[in-house]
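One structure is given below, encoded as structure tokens.
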Amino acid sequence: QRVVALRMRYAILASASLIVSSIVVTNTYYRKKQFYPTVVYLTNNQPSLSILLFQCVVILFLIVKALTYAFFGRLQRAEVDNLVSQSWYAFFDMCLVFAFFQNELGVEFLFLFAILLFVRAFHWLLEERVDYMERSPVISTLFHLRIMTLITLLTLVDIYFIKTTYWRPASHGISVHLALGIEYFILILSLLSTIVRYILHSIDSMREHSWNKKATYLLY
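In case it helps, my numbering puts the sequence shown at residues 989 to 1208.
Below, the structure written as structure tokens:
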């Protein structure tokens, strides 16, 4: 019942956000009559911009929920608790970045920060699910398909943002994009460690007898 109630709250919140955003956009376009003046007004009017940004956050949250279900199915209680705990640490770390680059704070930075937080969440969940392989007696083909697909997707995302944030500071000077690039570089290094653990756990699961040397390899 608690899960159903939580889903109902999400549905009501998403529906209300969509309705309010639609009313704001429709009303503005009705008064301005043209597309460009409508966009200019929405981006310069703080209440309207706040409503649209909240709608973007809701859409991003729904996309993340769908991807989470596609790659992980139903999350375990321990995974949720660990995700919440690490999210708080990540949030406080990014607050330090806010203080250092406070002159560059804006819509673009908040959007990039939200994407970084969601990408980090998928890295953490991937690590938890790979470690789960050692405790699970049976690993299905669907499990391997999900893990390999997510590894490929996260690798592409990390490389893309590293490339994007590397070239931008080179032409615009040191900025917050450099800090974000460093975060993605750390993520791809941790992803390499996760890939190695996944390979070792996969080899161990295919063996008939226990693999005594696996613990030694995991130490390195």
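Glycine included, each C-beta is placed from N, C-alpha and C at the ideal position.
Here the structure is a predicted model, which means the values were calculated and not measured.
- Task: Kindly give me the distance between the Cβ atoms of L1113 and E1171, rounded to whole angstroms, as I take these residues to be in contact under 8 Å.
- Result: Taking the sequence shown and counting its residues from 1, one reaches residue 1113 at position 125. Taking the sequence shown and counting its residues from 1, one reaches residue 1171 at position 183. The C-beta distance from L1113 to E1171 rounds to 17 Å, too long to fall under 8 Å, and the pair is not in contact.
- If you check the beta carbons only, do L1138 and F1079 fall under 8 Å apart? Locating residue 1138 in the sequence shown gives position 150, where the first residue counts as 1. Locating residue 1079 in the sequence shown gives position 91, where the first residue counts as 1. It is not a contact, given that the beta carbons lie outside the stated cut-off.
- Message: If contacts are defined as beta-carbon pairs under 8 Å, then L1050 and A1087 qualify, I think. What distance do you get, rounded to the angstrom?
- Response: Translated into the one-based positions of the sequence shown, residue 1050 becomes position 62. Translated into the one-based positions of the sequence shown, residue 1087 becomes position 99. Contact flag wrong, Cβ pair sits at about 31 Å.
- Item | Residue of R1134, I1176, T1129 and S1128 minimising C-alpha distance to K1151 | Working through the sequence shown from its first residue, we reach residue 1151 at position 163. Relative to the Cα of K1151, the nearest Cα in the group R1134, I1176, T1129 and S1128 belongs to I1176.
- Query: Are the CB atoms of F1097 and V1164 nearer to each other than 8 Å?
  - Reply: If you number the sequence shown from 1, residue 1097 lands on position 109. If you number the sequence shown from 1, residue 1164 lands on position 176. The answer is yes: Cβ separation under 8 Å.
- Query: Is D1146 buried or exposed, if buried means 16 or more other CB atoms sit within 10 Å of its CB?
  - Reply: Within the sequence shown, numbered from 1, the residue matching residue 1146 stands at position 158. Label assigned to D1146: buried.
- Taking K1020 and Y1029 to be in contact with their CB atoms under 8 Å, please state how far apart those CB atoms are, rounded to whole angstroms. Locating residue 1020 in the sequence shown gives position 32, counting from the first residue. Locating residue 1029 in the sequence shown gives position 41, counting from the first residue. Indeed, because the Cβ distance is near 6 Å, the residues count as touching under 8 Å.
- Task: Starting from Q1043, trace the alpha helix (DSSP H) both ways and give me its first and last residue.
- Result: Locating residue 1043 in the sequence shown gives position 55, where the first residue counts as 1. From DSSP, the alpha helix (DSSP H) with Q1043 extends over Q1034 to F1060.
- Message: Check this for me: beta carbons of I1102 and L1048, under 8 Å apart or not?
- Response: By one-based count along the sequence shown, residue 1102 stands at place 114. By one-based count along the sequence shown, residue 1048 stands at place 60. Residue identity check: residue 1102 is Ala in the sequence provided, not Ile. At the C-beta level, A1102 and L1048 come within 8 Å of one another.
- How should R997 be labelled, buried or exposed, when 16 other C-beta atoms within 10 angstroms of its C-beta is the threshold for buried? For this step, residue 997 is matched to residue 9 along the sequence shown. Exposed: under 16 other Cβ atoms inside 10 Å.
- Query: In this structure, does DSSP put P1125 in helix, strand or coil?
  - Reply: For the purposes of this step, residue 1125 is taken as the residue at position 137 of the sequence shown. It is coil, neither helix nor strand.
- Do L1168 and L1100 have their C-beta atoms within less than 8 Å of each other? As a first step, residue 1168 is located in the sequence shown; it is residue number 180 there, counting from the start. As a first step, residue 1100 is located in the sequence shown; it is residue number 112 there, counting from the start. A contact, by the Cβ cut-off of 8 Å.
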